[in-house]
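Asks: First the structure, which I've put down as structure tokens, then a few questions once you've had a look.
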Amino acid sequence: MTPQTKIARLVATALLPATLLVACGGGGGGGGSSDSTASVPFSTAVAKRVDEIAVATVTAYAASLAFDSCSACISRDYAMAYIAAHDALNGIRRSYEPLIFTSLSEPTADPNAAVAAAMRAVFRATLPEYASVYESAYTEVLGAIADGSAKTRGVALGEAVAAAVLERRANDGAANDNTPPAGYVIPAGTTPSAAGRYAFTTGATSLAVPGWGAVTPFAIGSTATYASQITAPYGGDLTSAAYRADYEETRCTGAAVAAPAGCATVRADGDDAKARFWFENAPTMWNRIADTIATARGLDGAARIRLHALVSVAVADSLIVSYSAQYATDFWRPETAIRFAGLADGSLTADAGWQPLGLADSDRRTPASPSHPSGDVMAAGAAQAVLDSLIVSGLRGFDVTSSSSTGLTLHYDDFASAAQASADAQVKLGFNFRAATSDSLTVGRTIGSAIVAAKMRPL
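All letters in the sequence shown, in the order written, are residues -23 to -1, 1 to 436 by mature numbering (1 follows the signal peptide of the UniProt record, and there is no 0).
Now the structure itself:
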């Protein structure tokens, strides 16, 4: 028996009492409208509310994680929750292709109950320790829905779809996130073994999710197809003009001190705050942007859930690709490169005490993984491509806040500008060289475009 067949039988059993109620004209408590066999509309207000609950849940989770691992970890939870919501909704009225759960149709189920129950079931399985954040909120959403067979069917469907999604991802490799790729040599300390090789930076004593590149992607099919597009940084030539230019840019504009010695160009006023704005992990940032644009453009509930599902899946898959490529290139972080510049090119300006701007903020040290490509920037490129595909040109401007920069709201004219701002921030934080961010945007956009062209398409 296939997983989908097994779950279909389970949900059929769960729905049997509701079927009998419809046949007998009964309906349980609450308003009788939920018992109608007519299709119940999906409320845009409910769609927005479950978005808010998801953001609150994963933000609480992110706060408990190390800065350099939370993006990868929560991207998977976000994607599963929104896939479950999307597939549950399309198990009632098929507006878009489902991604995982395709075998069931329940046209008389309440979609509001189905979506809330699906997301709640995913979070119960993946983040039970944050039940205080989401449990009462989902209970409130479900409590506002009239009791009856439609609600019963919706809850059963949502929980069944969530079970299918969780079963599909049960052995996806995420449990081995701390297992380095075969043959990878873990750094012995902060001194690189050779020019360009990754070494631990200040505050790092272990690698950040070195096994994440082996996690099964949600939608792209093959991680290697995209990771292979990231080749040796600077063609392996650390005496090149391109490397020198990128080295000087990060040394001068990404340092903890405002004006490093020998720098003609330094950070401008306001650059510090704009860089710190993009400290926030990519899954919550880009889902916040999706939420903002969905509200501003008046997307209906189904379109809103699909938008979040596509953004979440694109971000999750781009982070898998990024980690795969990072541990393949094994390229040093700017902190190491600048402190040990002589290993690469004796004519470069070295600084044995150089520290990145990002080090000054809480635990937001340089991420403990190789620097090329940048995960958050690849995720930004992927999210941008999805949003560009779904929101027409001329309607892409938005204002957005960040959990890592209290009190600051930034405006972007379009999603490309926001993605580029994410890339610029990684340089000014001192975490990456420019080539890493450029390559990341390019590959991320390719990932996002491929996903939106092939998955969860309108019917």
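For glycine and all other residues, C-beta sits at the position ideal for the given N, C-alpha and C. Quick caveat: nothing in here was measured; it's all calculated off a predicted structure.
Thinking C-alpha only, which one of Thr85, Tyr389, Phe100 is nearest Ile60?
Replies: Per the Cα distances, Phe100.
Asks: Going by alpha carbons, who is nearest to Asp64 out of Arg53, Asp54, Ser80?
Replies: Nearest option by C-alpha distance: Ser80.
Asks: List the DSSP bridge partners of Tyr389.
Replies: BP columns for Tyr389 point to Phe375.
Asks: For Cys90 and Arg283, what's the separation of their Cα atoms in angstroms?
Replies: The sequence given here has Ala at residue 90, not Cys. When rounded, the distance between both Cα atoms is 17 Å.
Asks: Here's the rule I'm using: 16 or more other beta-carbon atoms within 10 Å means buried, otherwise exposed. How should Pro84 be labelled?
Replies: Under this definition Pro84 is an exposed residue.
Asks: Taking C-alpha atoms, which residue in Lys128, Leu42, Ala191, Tyr211 lies nearest to Asn148?
Replies: If we check each option's Cα against that of Asn148, Ala191 comes out closest.
Asks: Going by the beta-carbon positions, is the gap between Gly135 and Ala95 smaller than 7 Å?
Replies: Going by C-beta atoms, Gly135 is nearer than 7 Å to Ala95.
Asks: With distances taken from CA atoms, which of Ala280, Tyr203, Pro333, Thr216 is nearest Arg253?
Replies: Checking every option, the nearest Cα to that of Arg253 belongs to Pro333.
Asks: On a CA-only basis, which of Gly407, Phe410, Arg434, Phe392 is nearest Arg422? Give me that one, please.
Replies: Minimum Cα distance to Arg422 is reached at Phe392.
Asks: Report buried or exposed for Pro435, applying the criterion of at least 16 other Cβ atoms within 10 angstroms of its Cβ.
Replies: Exposed, because fewer than 16 other Cβ atoms sit within 10 Å of the Cβ of Pro435.
Asks: In whole angstroms, what is the alpha-carbon distance linking Ser48 and Tyr73?
Replies: Straight-line Cα distance between these residues: approximately 27 Å.
Asks: Looking at Asp307 and Arg174, is the spacing between their C-beta atoms short of 7 Å?
Replies: Contact: yes.
Asks: Alpha carbon to alpha carbon, how far is Gly239 from Thr378?
Replies: Answer to the nearest angstrom: the Cα atoms are 35 Å apart.
Asks: Which whole-angstrom value describes the C-beta separation of Pro350 and Asp416, a residue pair presumed to lie in contact below a C-beta threshold of 8 Å?
Replies: Rounded, the Cβ-Cβ distance is 5 Å, consistent with contact.
Asks: Could you say which of Asn67, Arg97, Ala102 lies nearest to Pro88 if we only look at CA atoms?
Replies: Out of Asn67, Arg97, Ala102, Asn67 has the C-alpha closest to the C-alpha of Pro88.
Asks: Does the Cβ-Cβ distance between residue 445 and Leu406 come in under 7 Å?
Replies: The displayed coordinates of the chain run from -23 to 436. Any statement about residue 445 would go beyond what the structure contains.
Asks: Under a Cβ-count criterion, where at least 16 other Cβ atoms within 10 Å of its own Cβ denotes burial, should Glu29 be classed as buried or exposed?
Replies: Glu29 is exposed by the Cβ-count criterion.
Asks: Is the separation between the beta-carbon of Thr414 and that of Gln403 shorter than 7 Å?
Replies: Yes, Cβ-Cβ distance for Thr414 and Gln403 is below 7 Å.
Asks: Contact check, Ile297 vs Thr200 under 8 Å by CB: the rounded distance?
Replies: About 6 Å; that satisfies the 8 Å criterion.
Asks: Our contact map puts Met355 next to Ser295 with C-beta atoms below 8 Å; I'd like the distance itself, whole angstroms only.
Replies: Their Cβ separation, rounded to whole angstroms, is 4 Å, which keeps Met355 and Ser295 in contact under 8 Å.
Asks: Note down the Cα distance separating Leu76 from Val288, rounded to an integer number of angstroms.
Replies: Spanning the two alpha carbons is a distance of roughly 13 Å.
Asks: Given this structure, state the Cα-to-Cα distance separating Ser217 from Tyr211, to the nearest angstrom.
Replies: Cα to Cα, Ser217 sits roughly 7 Å from Tyr211.
Asks: Taking buried to mean at least 16 other C-beta atoms within 10 Å of its own C-beta, is Gly323 buried or exposed?
Replies: With fewer than 16 Cβ atoms within 10 Å of its Cβ, Gly323 is classed as exposed.
Asks: Near Phe226, which residues of its chain fall below 8 Å by C-beta distance, leaving aside the five closest residues on each side in sequence?
Replies: The question names Phe, but residue 226 is Glu in the sequence shown. Hits under 8 Å: Thr242, Val404, Phe410, Arg411.
Asks: Ignoring anything shorter than 4 residues or poking outside the segment 79 to 110, list the alpha helix (DSSP H) runs there in chain order.
Replies: Qualifying alpha helix (DSSP H) stretches, in chain order: 88 to 103.
Asks: To the nearest angstrom, how far is it from the Cα of Arg195 to the Cα of Thr34?
Replies: Looking at the sequence provided, one finds Phe at residue 195 rather than Arg. Whole-angstrom Cα-Cα distance: 21 Å.
Asks: By DSSP, does Ala252 sit in helix, in strand, or in coil?
Replies: Reduced to three states, the DSSP call for Ala252 is helix.
Asks: Quick check: what's the CA-CA separation for Ala279 versus Phe19?
Replies: Roughly 7 Å between the two C-alpha positions.
Asks: From the DSSP output, in three-state form, read off Ala235 for me.
Replies: Coil.
Asks: What does a CB cutoff of less than 7 Å around Ala250 pick up in its chain, not counting 5 residues either side in sequence?
Replies: Here the set comprises Ser382, Leu385.
Asks: Tell me, which residues are paired with Tyr73 by DSSP?
Replies: According to DSSP, which records beta bridges pairwise, Tyr73 is partnered with Pro435.
Asks: Could you give the C-beta distance for Ile428 and Ile197, rounded to a whole number, given that I count them as a contact under 8 Å?
Replies: Going by Cβ atoms, the distance from Ile428 to Ile197 rounds to 7 Å, so yes, they are a contact pair.
Asks: Classify Pro344 as helix, strand or coil using the three-state DSSP reduction.
Replies: DSSP places Pro344 in coil when its eight states are reduced to three.
Asks: Taking the continuous alpha helix (DSSP H) assigned at Gly358, which residues delimit it?
Replies: Unbroken alpha helix (DSSP H) run through Gly358: 352 to 367.
Asks: Assign Gly421 to one of three DSSP states: helix, strand, or coil.
Replies: Residue state, collapsed to three classes: helix.
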